[in-house]
Amino acid sequence: DLDYIKQKYLHLYRQRPKVYSNKLRYDGTRYMIAGERMKAWKSFMKSLRYNPLNLKTYLYFGLSVLGSRVYLGLAERKRKVQSHRI
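Under the numbering used here, the first residue of the sequence shown is numbered 69, with each subsequent residue one higher.
Structure, rendered in structure tokens:
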């Protein structure tokens, strides 16, 4: 469970805000793929509180406004492109 993991390692994440910001962005992506947009938005917003310069989070948050299906389609395309890199 994501919440359990966050709570278990929260003290370590707080020592490294950029790492925690990235983890929250990853969590937001997982929530979007699962169709839980509100949880995703909360995760993206929390990510930005820990690192307001995290440009990827702004992008992912913006894409999440388009909905879970669009977000999932874009995530799948990204995965395919990355799997074809050498």
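The beta carbon of each residue, even a glycine, is placed where N, CA and C say it ideally should be.
Look at the alpha carbon of residue i and the alpha carbon of residue j, and state the distance between them as a whole number of angstroms.
{"i": "N122", "j": "K114", "result": "11 angstroms"}
{"i": "M106", "j": "G135", "result": "11 angstroms"}
{"i": "S132", "j": "K146", "result": "15 angstroms"}
{"i": "Q75", "j": "I101", "result": "22 angstroms"}
{"i": "A143", "j": "L116", "result": "20 angstroms"}
{"i": "R98", "j": "Y72", "result": "15 angstroms"}
{"i": "N119", "j": "G141", "result": "27 angstroms"}
Quick check on the burial criterion: 16 or more other C-beta atoms within 10 angstroms. Buried or exposed for residue i?
{"i": "L92", "result": "buried"}
{"i": "S89", "result": "buried"}
{"i": "Y139", "result": "buried"}
{"i": "G103", "result": "exposed"}
{"i": "G130", "result": "exposed"}
Assuming residue i and residue j make a contact with CB atoms under 8 angstroms, what is their CB distance in whole Å?
{"i": "Y94", "j": "F112", "result": "Wrong, their Cβ atoms sit about 11 angstroms apart, outside the cutoff."}
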